[in-house]
Amino acid sequence: MEFVLPDGQRLTCPLGGTEDDSLAAELARGLPGLVHPLGQVAAPRTAKRYVRDLRKLVTGLTGLGLSGGLGAVTSPMLVRHWLASSPSQ
């Protein structure tokens, strides 16, 4: 995944090696649409966090038995993932 920061710096963060590389690629294609309304990715640390969290999402969803790509994600699956990955209150 490649980011172009506001100062023109390019940062490449690999996505390969996940439990489902095609799911990771699908999620990565949707990331610019998620980021754009909020502004820009302005720092390398922010870019790396997006990639880290995307990888964690792939791990969590495949751990719940997801197969078949992004189209197979269900609302209950997302809720189970969010609850399992959120710190206890």
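For any residue, its number in the numbering used here is found by taking its place in the sequence shown, counting from 1, and adding 369. Just so you know, even glycine gets a beta-carbon here, dropped at the ideal spot from N, CA and C. In this text, all values refer to a predicted model and were calculated from it rather than measured experimentally.
- Take the alpha-carbon of R449 and the one of S455: they are about 10 Å apart.
- Under DSSP, the beta-bridge partners assigned to T381 are E371.
- Straight-line spacing of the CA atoms in T431 and W451 works out to 13 Å.
- Contact between L400 and L426 is ruled out by a C-beta separation of about 11 Å, above the 8 Å threshold.
- DSSP places L433 outside both helix and strand once states are collapsed to three, so it counts as coil.
- Taken through DSSP and simplified to helix, strand or coil, D422 comes out as helix.
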